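Structure, as C-alpha cells:
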Amino acid sequence: SYEIDYDSIEHNPMGGIDGTIVVNNDKELYIYFHLNKNSNGIFSSEYVIAGNSSKLGTNLRKERVE
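Numbering (the working numbering), first residue to last: 112 to 177.
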C-alpha cells in the first residue's frame with residue numbers, strides 16, 4: 112500500500128510541487144515525487160519519480176533477484 116505524506120508537500124521554486132509517498136506505512140520506505148506544470152498550467156506526470164529511500168531501493172533489488 113502507499114499514501115502521500117501530505118506534510119511533505121511543498122511548492123518547488125522552479126515550478127510544480129514536490130512531496131513524498133510512503134510505502135507500506137513505513138516512513139523508511141519512501142519515494143520522492145515532483146509534478147511539473149506544462150505550458151498550459153496543467154500538472155504533468157512527466158518525470159514524476161525524483162528518488163527513493165535506500166531501504167526501498169534495497170528491497171526492490173532483492174525482489175528483482177528472487
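C-beta atoms are modelled at their ideal positions from N, C-alpha and C, and glycine is treated no differently.
Fair warning: this is a prediction, and the values are worked out from it, not measured in the lab.
| Check | Outcome |
| --- | --- |
| DSSP state of V159, grouped into three classes? | coil |
| Looking at C-alpha atoms only, which residue of G126, T131, N135 is the closest neighbour of Y117? | T131 |
| Please classify F54 as buried or exposed, where buried requires at least 16 neighbouring CB atoms within 10 angstroms. | No statement about residue 54 is possible, as the shown extent of the chain runs from 112 to 177 and does not include it. |
| Roughly how many whole angstroms lie between the Cα atoms of S164 and F154? | 24 Å |
| Return the Cβ separation of L146 and G127 in integer angstroms, given the expectation that the two are a contact with Cβ distance under 8 Å. | 5 Å |
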